[in-house]
Amino acid sequence: MNPTFHEHIRTRKEFFERARHVKLPLAVRISSGLIVASLLLLAIGSWLLKRLRRVAPDLAASITPELLRGATIVAAVPGVIGMVLSIYTVARYPDTWSRVGGTLQIFPVRRWLWCVLGGLCYLIAVILAAVAITDETLPLWPSIAMGYAAAVLTFIGYLLTFFRAAKHPAVATFLYLTAGMGVLVFPLYIPSLIIGTIRYHRIHESQEREQHENAS
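The structure is reproduced here in structure tokens:
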């Protein structure tokens, strides 16, 4: 039976509390830390700007678009570096989710709703892909962008409908290490996910053999 919303929140808090005490490889900690730091900078910056517009509109009006764009780029740079590094960590350490005690179900509440949303993502992805392939009047770059969007929507649909952290630990590791932001650039991670899945099965089989040998 699916947990209630409050049970889900409690288990999520317990999961992240356990994750804090797990010793992870340095590359994993750096990549995850950079991504989280960048998200915090962007969130705090957005909040401060909204607050400034409310409290001191004249001062907020003096902030030029160029300055705002530069500040956004500076805040985003650590996240970009962390995402690039996570392409390596997802392939190298695919068992990270399991190591932090990852038994948490990511979408446990009202499963039927996620399936409906996932089906909608699949439908939109098919439409985008069909237009990108069949419309000969469409310029190259918009066609590529539509194909990319179709790939991302297909992955989101998979997450909402078929994904289970216990059955797909490499994908769970990918979501965990990229703080969920990797979904937006999922196509770039396809090689890492393939390699990570293969490595995870090898690691898991090796651990099972060791346990069997120790038991005997």
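In this text, residue positions in the sequence shown follow our numbering: the first is 1, and each later residue adds one. Cβ coordinates follow ideal geometry from the N, Cα and C atoms, glycine included. Remember, predicted model here, so these are calculated numbers, not experimental data.
**Message:** Whether or not the stretch 206 to 214 and the stretch 178 to 196 are in contact is what I'm after, with contact meaning three or more pairs of Cβ atoms, one per stretch, closer than 8 Å; do they touch?
**Reply:** no
**Request:** Can you tell me which of the three DSSP states Tyr93 falls into?
**Result:** coil
**Message:** Measuring alpha carbon to alpha carbon, tell me which residue in Asp58, Tyr88 and Val80 is nearest Pro25.
**Reply:** Tyr88
**Asked** Helix, strand or coil: how does DSSP classify Ile63 here?
**Response** coil
**Request:** With DSSP as the reference, label Leu136 as helix, strand or coil.
**Result:** Position check: residue 136 holds Glu in this sequence, whereas Leu was assumed. DSSP places Glu136 in coil when its eight states are reduced to three.
**Asked** For Ser38, which of Gly196, Ala76, Ser32 and Ser98 has the nearest alpha-carbon?
**Response** Ala76
**Message:** Using only CA atoms, which one of Gly157, Ser32, Arg69 and Leu177 lies nearest to Arg111?
**Reply:** Gly157
**Asked** Contact check, Ala129 vs Gly118 under 8 Å by CB: the rounded distance?
**Response** No, Ala129 and Gly118 are not in contact; Cβ-Cβ is about 16 Å, not under 8 Å.
**Asked** If Thr197 sits next to Pro78, beta carbons under 8 Å apart, how far is it from one beta carbon to the other, in whole angstroms?
**Response** 28 Å between Cβ atoms; not a contact.
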